[in-house]
Structure formats: structure tokens, C-alpha cells
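Note that the numbering used here has the sequence shown beginning at 12, numbered continuously upward. Scroll down for the structure; my scribbles are underneath it.
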Amino acid sequence: MTDDRPPRSSLHAEVDGAGPRLVLVHGFTQTAACWGPVATDLATDHEVCRIDAPGHGRSATVAADLWDGARLIADRGGRATYVGYSMGGRFALHVALARPELVAGLVLVGATAGIVDADARAERAHADEARAARLERDGLEAFLDAWLAQPLFAGLDDATQFRAERAVNTVAGLATSLRLAGTGRQEPLDERLGHLAMPVLAVAGERDTRFTAEAERIAAAVGANAEVAVVADAGHAAHLERPAAFLAALRPWLARHHL
12 MTDDRPPRSS
22 LHAEVDGAGP
32 RLVLVHGFTQ
42 TAACWGPVAT
52 DLATDHEVCR
62 IDAPGHGRSA
72 TVAADLWDGA
82 RLIADRGGRA
92 TYVGYSMGGR
102 FALHVALARP
112 ELVAGLVLVG
122 ATAGIVDADA
132 RAERAHADEA
142 RAARLERDGL
152 EAFLDAWLAQ
162 PLFAGLDDAT
172 QFRAERAVNT
182 VAGLATSLRL
192 AGTGRQEPLD
202 ERLGHLAMPV
212 LAVAGERDTR
222 FTAEAERIAA
232 AVGANAEVAV
242 VADAGHAAHL
252 ERPAAFLAAL
262 RPWLARHHL
């Protein structure tokens, strides 16, 4: 259902269930509708707030970088455990750093703490700009075809691609998201992660070796209050490819921390 409480920001949210609050933040080109059975399961005993990230879904006209977007997400989500996937994980990480008093727990799925090497970071920013330009030139449908054809998403089938849900996005919104909140625009956050005091769970798919390494890197930088969960036989979108296995890692962690 649509969140009918007075909006505290310009971001759209959908809220279901009752119990301890979870805020879910999706990945690039997705929307709040792309959490599938994970959101349905969690809403059986949690209040689940699914947010349309800046530039996406019904928040398509909101232009924000990672820090400004994090503040908007925090305003909309309130005090909760924040669960973010890929781009959403990067937003959630920024929420935890900018508004730690609102983050009871932090779950990062296929997320990065930022590209450390300045040249590599600049190269990624250039690539994101090129993607934005192709999106504006070729249109949304062709861009989604190319985006979902990446090896990163090879584990998604027709249902878990959520193609129809992604198709509600706009060219302008996604292009702005790439330019303002793409990976190339993210400063490396490693030196700040040790300040996070809330429980942190870094999740990655077993076949997604790059982000498995990123999860280990994040947990090491956070310290003793962080742990890593690797979802067997899953790629980048581990929560969509293997939802039961993802929940089998997430739910005991939530229970252990009374979240």
C-alpha cells in the first residue's frame, strides 16, 4: 500500500506489514516494486518501507547525489534497519554515516565502499557519463536491454529482471542518477566506516567475486560489529536470484540483534 502518513521528503515510499521497521532501497534502474518475495516475506513480521530512490520510479524528478539522496532517504525512512542493494546499498551506507542515530542496523547487498584508486574512479565516472549519454540517445528500452545483458545480471530470469517495473523509469531520471550518484561519483569511505557503531551485515553472491571481496573489505573496515554473509550459487542480485537463501542469512541476523 502507499504510505499515507504525511510525507517528510519528496521521495515516494510504499509501506506494508507491522513490526520493527525495515527500509529497503533498490538498485539502479529498479524501483520500490523490485524486491519480490523478499519484501513479502519480511512484511509478515516487520514494517517494510520500500523507497523509490532519487531519479527512479515515482521519485524520478528528484535529483540528488549520494549525500543529499541519503538525507532524503533518511527523512523518508526514519528510525529503522536500512537494507540496500547495489546503488541502494551505497545510499544506505551514506545514510548510516550521515544520520547514524536513525540506523538501528545496516544491511548492504552487493555494495561498495567506493573506488579507492583516483584514476579508476575517474574512469568509472567517465563510463557513467557515457552510459547516460547513450541512454539519452537510444532511449529507455534499448538501455535496459543493454543493462540487463551484462554478465553481472546473468543469474536473473524473466521474472526476477522486473523488466516491466524498470520500464516505468524515465530517461531523464536515470541519466541524472548516473551523473550524480554513480559509482564514479562516490568518494571512498573506508576511513569512515570504523565510526559505524550499529550492527552491519555485508551480503554478496558467491559467484559475484568482485562484490564478495567488497563485502569483506567493508566488514574489515567497520570492525567487530560487522559480518559477511555469502549467498551460495548466487550472482550480484543475490536477494532476487536466491531469495530463500538470502532470507536464511538475513533473518537470524535480524533476530540476533533484535531488529
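In this text, a Cβ means the ideal position worked out from N, Cα and C, and glycines have one as well.
Select from Arg61, Leu77, Glu25 and Thr220 the residue whose C-alpha is nearest the C-alpha of glutamate 198.
Between glutamate 198 and the set Arg61, Leu77, Glu25 and Thr220, the nearest pair of CA atoms involves Leu77.
Look up aspartate 27 in the DSSP assignment and give the residues it is bridged to.
Its beta-bridge partners are Val59.
Count the other C-beta atoms from every protein chain shown that fall within 10 angstroms of the C-beta of alanine 124, then say buried if there are 16 or more, exposed otherwise.
Of the residues assessed, alanine 124 falls on the buried side of the cut-off, its CB having 16 or more other CB atoms within 10 angstroms.
Expressed to the nearest angstrom, what Euclidean distance is found between the alpha-carbon atoms of alanine 192 and glycine 99?
Whole-angstrom Cα-Cα distance: 10 Å.
Flag this pair as yes or no: are the beta carbons of tyrosine 93 and leucine 117 separated by less than 8 Å?
Tyrosine 93 places its beta carbon less than 8 Å from that of leucine 117.
So, using beta-carbon positions, are aspartate 139 and leucine 185 closer together than 8 Å?
At least 8 Å separates the beta-carbon of aspartate 139 from that of leucine 185.
So, at 8 Å on beta carbons, what are the nonlocal neighbours of isoleucine 126 in its own chain, with the 5 sequence-adjacent residues on each side left out?
Within the same chain, Cβ atoms closer than 8 Å to the Cβ of isoleucine 126 are found at Arg132, Arg135, Thr194, Gly195, Gln197 and Pro199, the five residues on either side in sequence being excluded.
Starting from tyrosine 116, trace the beta strand (DSSP E) both ways and give me its first and last residue.
For the sequence presented, residue 116 should be read as glycine rather than tyrosine. Under the DSSP assignment, glycine 116 falls in the beta strand (DSSP E) whose first and last residues are 114-120.
Outcome for alanine 29 when other beta-carbon atoms lying within 10 angstroms are tallied against a minimum of 16
Classification of alanine 29: exposed, given that the 10 Å Cβ count is below 16.
Tell me the rounded alpha-carbon separation between aspartate 128 and aspartate 219.
Going by the C-alpha atoms only, they are around 21 Å apart.
Distance, alanine 81 Cα to glutamate 152 Cα:
Those two C-alpha atoms are separated by around 28 Å.
Nearest to methionine 209 by alpha carbon, out of Ala224, Trp264, Ser97 and Ala245?
Per the C-alpha coordinates, the member of Ala224, Trp264, Ser97 and Ala245 positioned closest to methionine 209 is Trp264.
Inter-residue CB distance, glutamate 225 and alanine 235 (contact presumed, cutoff 8 Å)
Their Cβ separation, rounded to whole angstroms, is 19 Å, which puts glutamate 225 and alanine 235 out of contact at 8 Å.
Could you give the first and the last residue of the continuous beta strand (DSSP E) run that contains threonine 92?
Counting along the chain, the beta strand (DSSP E) containing threonine 92 begins and ends at 91-96.
Assuming valine 233 is part of the alpha helix (DSSP H), what are its boundary residues?
It spans 220-233 - the alpha helix (DSSP H) in which valine 233 sits, taken as one unbroken run.
How many Å lie between alanine 85 and alanine 165 at the Cα?
Straight across, the Cα-Cα distance linking alanine 85 with alanine 165 is about 32 Å.
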